[in-house]
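Adding 4 to a residue's 1-based position in the sequence shown gives its number in this note's numbering.
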Amino acid sequence: MFSISKIISKTACSFYMLFFSITNFAQQPADYVNPFIGTSNFGAAFPGPIAPRGMASISPFNVAGAKNTPMEKDSQWLSNPYVNENTFLTGFSQVNLSGVGCPELGVILLMPTTGNVEIDHLKYGSTYSNEVAKAGYYSVDLKKYKVKGEFTASKRVGVSRFSFPKGQSNILINLGLGLTNEEGSMIKVVSSTEIEGMRSVGSFCYNSPEDAYPVYFVAKFSKPAEKFGVWKKPSKYNGVEAQWMGYNGKARIMKNTIKTVVGDSIGSYFTYKFDKQETVEVKIGISYVSIENARENLEKETENKSFDAVYKDTYNEWNEELSKILVEGGSEDDKTIFYTALYHTLIHPNTLNDFNGEYPQIKRSKIGKTDGTRYTVFSLWDTYRNMHPLTSLVYPKQQSDMIKSMLKMYDENGWLPKWELNSTETFTMVGDPASIVIVDACLKGIQDFDVYKAYYAMLKGADQIENNPLRPGLKEYIEKGYLSTNYPGPVSTTQEYNTSDYAISLLAKALGEKEDYKRFAKRSLSYRKLFDKDLKLLRPRTANGKWYEPFDPEAGANFQTNAGFIEGNAWQYAFMVPHDIRGLIKLMGGDKPFSDQLQKVFDTKQFDMANEPDIAYPYLFNYIKGEEWKSQEMVKKLVQEYFQNKPKGLPGNDDTGTMSAWLVYSMMGFYPISPGDPIYTITTPMFDKVTIKLDSRYYKKENIVIEKEVNTDGKIKAMELNGKPLNSYFISHDDFVNGGTLKVIQN
């Protein structure tokens with residue numbers, strides 16, 4: 005029987021107390037979370053509630069076309085339903101993405117109003133105040149209506165509580181408004197306490213409109229409505245028939261009906277008349293399979309639970325997950341940005357399957373079923389670099405289930421995922437990153453999946469020349485060792501293929517597949533053919549092998565299109581060969597030329613903290629003996645400059661937790677310098693003590709402890725692992741998880 009283990013070595017404390025019986029006043033890790041971080045500066049985070057890796061989430065929706073908002077969804081490229089600077093709110097969306105670069109979801113908008121029913125969001129929208137955001141909770145006061153909205157969520161259900169004043173009050177569900185301009189929906193009032201429906205989504209980056217798909221919902225209300233109805237606003241038509249259409253282009257409201265309505269701009273309303281202030285709770289179950297499953301999700305998770313009970317459970321779940329890493333020392337702001345970053349890494353990938361295990365398979369030709377968790381939202385070009393390695397270390401069971409989800413996608417689609425979203429493969433960005441994620445986890449001891457199946461899936465992506473959506477241009481890459489300017493972003497794509505090939509070579513070696521090991525190890529170094537020794541940079545070649553001219557190494561900064569690189573320029577990609585840094589040092593002429601060129605990236609302001617290709621660069625000084633202090637200083641400087649306890653406290657798009665993962669690692673004092681390689685590089689921890697609790701199903705030790713002996717701003721003088729000197733700034737994963745205590749001693 006094959007056994008890979010034989011081959012691979014191994015702030016409202018009183019509020020919380022009211023609910024959760026916290027026995028002392030010490031803040032819990034979940035109490036430090038500030039969901040407003042990342043809601044400005046294009047961080048694309050939302051402040052509303054979500055359970056860890058939840059399907060349902062609620063976000064205030066304030067990007068819909070009011071004159072007093074500086075950022076509106078149709079006036080510029082905007083990938084988030086909420087911008088902190090905006091002031092006009094038109095509802096609360098029930099499914100959302102966090103930290104993505106393209107608009108998607110942000111639909112099924114719930115909105116409380118008072119007075120007569122108004123269905124135009126520009127008319128019923130309201131300014132707001134008194135926002136409060138915590139892990140699993142959000143509240144806000146709507147000024148126009150003097151209504152307070154409170155929100156929480158279980159895994160698959162969003163729960164809202166509205167406090168209405170005396171008089172007529174309404175709760176609207178608007179299916180016509182959403183973050184993207186995808187159309188198509190259905191709604192039906194089932195009874196005076198229940199609504200069901202569907203909204204079409206699936207326009208991520210607007211690149212695969214034929215792949216649009218439904219998200220189903222069931223909404224249940226704690227009080228029966230006195231009146232209810234649906235509305236529909238049809239398109240406006242011209243021509244002879246239009247003369248007979250008295251409703252042409254005009255919204256019509258259908259009162260007290262339970263008939264099903266379909267269309268683009270449709271919605272429903274529930275109306276109440278209260279003699280005094282009253283509260284109404286609304287629970288909205290979500291499913292990507294069916295209305296029946298959405299109803300079951302709602303009933304199984306929240307049917308007999310109050311708003312407060314759901315919040316308590318979700319808070320406790322967040323606190324349990326965040327407590328896997330405990331930090332001591334540092335300021336209150338340090339703890340806030342740290343735990344908020346860890347919180348952001350626990351949103352995506354998120355749950356796709358319903359309570360009963362059902363989920364839509366890739367291409368949506370069948371409904372699958374799982375006994376575990378089927379994960380979705382794999383932004384792998386971003387997350388392979390640090391977020392998945394962090395998950396392997398701290399949440400290995402989740403990482404195992406994520407890999408199993410990837411392998412099921414391979415079964416369904418014939419390929420490992422690239423940028424998968426709700427069982428739609430978007431094929432966004434470049435490279436073949438799933439291989440890196442799987443190898444990285446496997447070599448760190450997460451092996452409770454079909455390793456050989458994963459290996460053969462990697463080989464298919466790396467070797468199949470024809471009709472390969474993962475690796476466009478593979479034939480040229482194999483023949484020449486690089487992609488030419490016949491393909492977009494040829495240099496960066498070559499680098500990504502190299503990195504994946506290196507990861508495959510590592511697994512091949514571990515499995516005893518010697519020929520594959522040699523072949524892929526050789527392929528992983530082909531970036532060297534793009535190295536210009538005069539510039540000491542990588543640069544594109546044309547199909548005939550000549551250098552591309554004219555070549556501007558700075559072209560491509562700030563996401564501008566250029567001939568050689570995707571989302572970056574020659575400086576930002578100059579060192580993105582994490583598996584061969586020592587080889588790159590030789591190419592550049594030795595330690596000093598390498599260090600000088602690396603320093604130039606920072607001195608000339610070419611370094612981009614907001615994008616992935618260069619985010620490991622601050623750690624690369626650790627490869628140069630005597631210059632490790634530069635990494636220590638640079639990492640600390642970048643943390644202080646770009647990560648803060650304020651809405652603009654992320655350097656830019658969080659990329660489903662990638663920037664946040666960088667921060668988590670950097671504050672703990674180590675970093676996965678070469679994805680796929682089970683090694684870390686060390687820098688100064690920013691807390692006095694960090695304790696990482698290890699999962700006993702995957703690791704032998706109970707925890708890892710990182711201690712900083714002297715709390716000063718000095719350079720690292722020495723390091724010890726379990727009391728013994730550690731004479732390198734690099735440590736293997738096995739030594740790290742089996743080492744007990746890593747002590748960093750400063751001058």
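The beta carbon of each residue, even a glycine, is placed where N, CA and C say it ideally should be. This one's a predicted model, so the numbers in the text were calculated from it and none came from an experiment.
| Asked | Found |
| --- | --- |
| Runs of alpha helix (DSSP H) wholly within the region 508 to 536 (minimum 4 residues, chain order) | 518 to 527 |
| Exposure label - D538; buried when at least 16 CB within 10 Å | exposed |
| For A315, the three-state DSSP class (helix, strand or coil) | First, the amino acid is wrong: residue 315 is Tyr here, not Ala. Helix, per DSSP. |
| Complete runs of the beta strand (DSSP E) confined to the region 342 to 428 [at least 3 residues] | 362 to 364, 371 to 373, 423 to 425 |
| Bridge partner(s) assigned by DSSP for K287 | V163, K224 |
| Any C-beta of chain B under 7 Å from that of V286 | Any reference to chain B falls outside this structure, which holds one protein chain only. |
| Cβ-based neighbour list, Q403, same chain, cut-off 8 Å, excluding 5 preceding and 5 following | H392, T395, S396, A445, I450 |
| Bounding residues of the beta strand (DSSP E) (the contiguous stretch that carries L654) | Where L654 is concerned, there is no enclosing beta strand (DSSP E), given that its DSSP letter is neither H nor E. |
| Cβ-based neighbour list, T27, same chain, cut-off 8 Å, excluding 5 preceding and 5 following | Reliability fails at T27, whose pLDDT of 37 lies under 50, so the model's placement of it is uncertain and no value is given. |
| Member of A139, E154, S133 whose CA lies at the smallest distance from the CA of K147 | S133 |
| Coarse secondary structure for S204, derived from DSSP in three states | strand |
| Beta-carbon proximity list for L350, same chain, < 7 Å, skipping 5 on both sides | P56, R57, E325 |
| Nearest candidate by alpha-carbon position, reference S409, set V398, V434, M592, A438 | A438 |
| Same chain, Cβ closer than 6 Å to T344, five either side skipped, listed in chain order | V37, N38, I41 |
| Nonlocal neighbours in the same chain, by C-beta distance under 8 Å from S189, ignoring five residues either side | L179, G180, G201, M202, R203, S204, V266, G267, D268, I270 |
| Span of the alpha helix (DSSP H), counted from its first residue to its last, around F278 | Per DSSP, F278 belongs to no alpha helix (DSSP H); it is in the beta strand (DSSP E), 269 to 278. |
| Closest by C-alpha distance to I366, when choosing among Y217, G560, G630, N502 | Y217 |
| CB of G661 within 7 Å of CB of H348, strictly | yes |
| Any beta strand (DSSP E) of 3 or more consecutive residues that is wholly inside the region 580 to 638 | none |
| Limits of the unbroken alpha helix (DSSP H) element including Q576 | 574 to 577 |
| Extent of the continuous beta strand (DSSP E) to which I440 belongs | Note, I440: premise wrong, no beta strand (DSSP E); alpha helix (DSSP H) at 438 to 446. |
| Of the listed residues W322, F359, I199, nearest to L346 (C-alpha basis) | W322 |
| Which residues DSSP lists as bridging W248, in chain order | Paired residues: none, contrary to the question. |
| S504 and D436 closer than 7 Å at C-beta | yes |
| E702 to V398 span [Cα, whole Å] | The amino acid at residue 702 is misidentified as Glu; the sequence shows Tyr. Those two C-alpha atoms are separated by around 10 Å. |
| Whole-angstrom distance between D124 and I257, CA atom to CA atom | 12 Å |
| Straight-line Cα distance separating I112 from W81 | 21 Å |
| Check: S269 C-beta below 6 Å from any heavy atom of the ligand ADP | By its list of ligands, the structure shown contains no ligand whatsoever, and the ligand ADP lies outside what it can speak to. |
| Start-end ranges of the beta strand (DSSP E) lying completely within the region 112 to 179, minimum 3 residues | 130 to 138, 141 to 146, 151 to 157, 161 to 168, 171 to 178 |
| Contact belief for M723 with I686 at Cβ below 8 Å, rounded distance in angstroms | 7 Å |
| Contact set for Y501: own chain, Cβ-Cβ below 7 Å, skip 5 residues either direction | G435, D436, R475, Y481 |
| Residue burial classification, N308 (beta-carbon count within 10 angstroms, cutoff 16) | exposed |
| Which residues DSSP lists as bridging V193, in chain order | I199 |
| F691 beta carbon less than 7 Å from that of G333 | yes |
| Per-residue DSSP class, three states only, for E553 | coil |
| Neighbourhood of M580 by C-beta distance below 6 Å, restricted to the same chain and skipping five residues each side | Q499, P617 |
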